[in-house]
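Novice:
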Amino acid sequence: MKKLVLLLILVGNVAFAQKLTKEQLIDKMSDVGCECTTKQQVTKENLEITLGLCILEALNKYEKDVERHYGKNVITNDKKMEELGYDIGLKMGAKCPSVFMNMADEESDTNGEEVVEEIPDAVLTGKISEIKLEQFLTFVVKEDSGKNNQFILLSSFDNAFLLTDKVLKVSDAVDVTYYEMDLFDAKLGKFVSFKIVTDIVKK
Numbered sequence: 069m070k071k072l073v074l075l076l077i078l079v080g081n082v083a084f085a086q087k088l089t090k091e092q093l094i095d096k097m098s099d100v101g102c103e104c105t106t107k108q109q110v111t112k113e114n115l116e117i118t119l120g121l122c123i124l125e126a127l128n129k130y131e132k133d134v135e136r137h138y139g140k141n142v143i144t145n146d147k148k149m150e151e152l153g154y155d156i157g158l159k160m161g162a163k164c165p166s167v168f169m170n171m172a173d174e175e176s177d178t179n180g181e182e183v184v185e186e187i188p189d190a191v192l193t194g195k196i197s198e199i200k201l202e203q204f205l206t207f208v209v210k211e212d213s214g215k216n217n218q219f220i221l222l223s224s225f226d227n228a229f230l231l232t233d234k235v236l237k238v239s240d241a242v243d244v245t246y247y248e249m250d251l252f253d254a255k256l257g258k259f260v261s262f263k264i265v266t267d268i269v270k271k
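Everything in the sequence shown is counted per my numbering, starting at 69 for the first residue and increasing by one.
1) Is it buried or exposed, ASP233, if we count other Cβ atoms within 10 angstroms and call 16 or more buried?
2) Examine the Cβ distances between the segment 193-213 and the segment 124-144 and report whether three or more of them are shorter than 8 Å.
3) Whose C-alpha, out of ASN216, PHE219, ILE220 and ILE94, is nearest the C-alpha of ALA126?
4) Taking DSSP as the reference, what is the three-state secondary structure of VAL238?
5) Judging by CA-CA distance, which residue of GLY194, SER223, PHE225 and LEU231 is the nearest neighbour of GLY214?
6) Mapping the DSSP letters down to three states, classify ALA190 as helix, strand or coil.
7) Can you tell me whether ASP226 is buried or exposed? The criterion is at least 16 other CB atoms within 10 Å of its CB, across all chains shown.
8) Can you check which of these residues, VAL269, VAL167 and LYS237, is closest to ASN114 by C-alpha distance?
9) Hey, out of VAL265, ALA162 and ASP250, whose CA is closest to LYS258's CA?
10) Determine which residues share a DSSP beta bridge with MET249 and list them.
11) For VAL184, which of helix, strand or coil comes out of DSSP?
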């Protein structure tokens, strides 16, 4: 009887340990995706298929947690699959950008040898008009000309606390240093250019 009780406790603990939050799930699935894609020869032509197969590999590994956060039969539901692919793709863009960079390098090589100079990060001045805290922190800066620019925080830097600790508020004037990166948008089925913030200074 004692052995049976102990077995039930152990099974219960294992089941509990497997329950991941949505953020933890995407984090782990993106790890699987990155590991999977780095083993492949990713090109512009096979990118979509390769990503799809790697996401399926991650989905099979965390099937129960995927059902908990995205519902059942995700594979046969285009809308749910797009949402899952978008979440994983965005995280992979931050974790293993080299996969996508290698593809871009390959495309450059096919156009002939050329000297590529390192482009310094751009700087934009304006006022914060919106801050969103979702899976990733994004914010909008409005220039004096009225143009809105959306930025995404993907990695840490010295002044990142101004955003993460909610020091900056709407209407604050800022200088934003950033670079642009093409990340795969699963909802649109294509690469979209994002402004990735590398520094921000309150004026």
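Here a beta-carbon is modelled for each residue, glycine too, at the ideal position from N, C-alpha and C. Predicted, not measured: the structure shown is a model, and the values here were computed from it.
Specialist: Here's the rundown:
1) exposed
2) no
3) ILE94
4) coil
5) GLY194
6) strand
7) exposed
8) VAL167
9) ASP250
10) PHE262
11) Confidence in VAL184 is poor, its pLDDT being 49 and thus under 50, which makes the residue's placement unreliable; the coordinate value appears in the next sentence. Residue state, collapsed to three classes: coil.
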